[in-house]
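Trainee: In the numbering used here, the protein residues as written are 5 to 278.
Beta carbons are placed, not taken as given, at the ideal position from N, Cα and C, and that holds for glycine.
A single structure is presented below for examination.
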């Protein structure tokens, strides 16, 4: 067995091949029922969210009007034009292809990876992260229903380009295709909202000096959603505000007992860290 150690002030890291698997096995021992309940709950919430988004899926006229109004409001606020950022991707095909790929894959992949890691190794952090994600997504759904908003990529008259269509990487069909996707749910940007939450969770659940690299995910996501013309600056700002409100109100809405680990889970987690 090979062990690699890094020593120094404030640094203690040891990696043993197979050690991660052993820790994971110990951490999830006896938690099969909990895993099934969590999976069922997340699936139900996701299906409910998708169903709710479809309420305004065909409200094309209002969504387009809201998009033009929002651009006018951003202009009055003095915000930079999103097309300035998109120009970087329009003129560099490699950047555009990579950005489209990141937009299509990183959103759910990062969420699943972080939530799974938290559930296995940091259940106390998993619970508040899950609760905040539900709160953020629920409030975002309300905004989607009240304020249908066409994304920038649907406004070629304003100088935007749908780079995913240009490069054959679109995850959406035509806006009027009748599919199971509401493309008029640009406000707020859950891509950025989730990325912020996941980054904060990783930073809070870690003590490694490398944990701050997690902040690159929301920064890169912001660049990508604007560069690919999927969101406006205000979509991103509103997502941040809703996440902050969810964090403030969370202790008032969720019973304290929901964030307390069971004795068995605490024991398993303790054993997995030894």
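So residue 235 and residue 114 are supposed to be a Cβ contact under 8 Å. How far apart are they, rounded?
Mentor: About 17 Å separates the beta carbons of residue 235 and residue 114, which is beyond the 8 Å limit, so they are not a contact pair.
Trainee: Taking the alpha helix (DSSP H) that residue 130 belongs to, which residues open and close that run?
Mentor: 127-150
Trainee: Could you tell me the alpha carbon to alpha carbon distance between residue 27 and residue 226, rounded to whole angstroms?
Mentor: In this structure, the straight-line span from the alpha carbon of residue 27 to that of residue 226 is close to 35 Å.
Trainee: Using three-state DSSP, classify residue 153 as helix, strand or coil.
Mentor: strand
Trainee: With a threshold of 16 other CB atoms inside 10 Å of the CB of residue 40, please say whether the residue is buried or exposed.
Mentor: exposed
Trainee: What are the partner residues of residue 208, as DSSP defines its beta bridges?
Mentor: DSSP, once it has assigned bridges, lists no residue as partnering residue 208.
Trainee: Going by the DSSP bridge assignment, what does residue 218 pair with across the sheet?
Mentor: According to DSSP, which records beta bridges pairwise, residue 218 is partnered with nothing at all.
Trainee: Evaluate residue 180 with the Cβ neighbour count: other Cβ atoms within 10 Å of its Cβ, from every protein chain shown; 16 or more gives buried, anything less gives exposed.
Mentor: Because the pLDDT of residue 180 is 47, which lies under 50, any placement of that residue in the model is unreliable, and the question is left without a value.
Trainee: When the Cα of residue 108 is compared with those of 176, 187 and 144, which residue comes out closest?
Mentor: 176
Trainee: Which residue or residues does DSSP assign as beta-bridge partners of residue 189?
Mentor: 153
Trainee: Near residue 193, what residues of its chain come up, given a Cβ to Cβ distance below 7 Å and the 5 sequence neighbours on each side ignored?
Mentor: 229, 235, 239, 240 and 243
Trainee: By a C-beta neighbour count over all protein chains shown, 10 Å radius and 16 as the cutoff for buried, is residue 146 buried or exposed?
Mentor: exposed
Trainee: Please list the terminal residues of the continuous alpha helix (DSSP H) segment that includes residue 170.
Mentor: From DSSP, the alpha helix (DSSP H) with residue 170 extends over 167-170.
Trainee: Taking the continuous alpha helix (DSSP H) assigned at residue 72, which residues delimit it?
Mentor: 64-81
Trainee: Is residue 219 closer than 7 Å to residue 284 when the C-beta atoms are compared?
Mentor: Outside the displayed range of the chain (5 to 278) lies residue 284, so it cannot be described from this structure.
Trainee: Cα-Cα, which of 157, 143 and 232 is closest to residue 100?
Mentor: 232
Trainee: Would you call the CB atoms of residue 129 and residue 199 closer than 7 Å?
Mentor: no
Trainee: Within the continuous alpha helix (DSSP H) that includes residue 94, where are the two ends?
Mentor: 86-94
Trainee: Is residue 161 buried or exposed, if buried means 16 or more other CB atoms sit within 10 Å of its CB?
Mentor: Exposed is the call here.
Trainee: Counting C-beta neighbours from all protein chains within 10 Å, is the total for residue 250 16 or more, i.e. buried, or is it exposed?
Mentor: Per the 10 Å Cβ criterion, buried.
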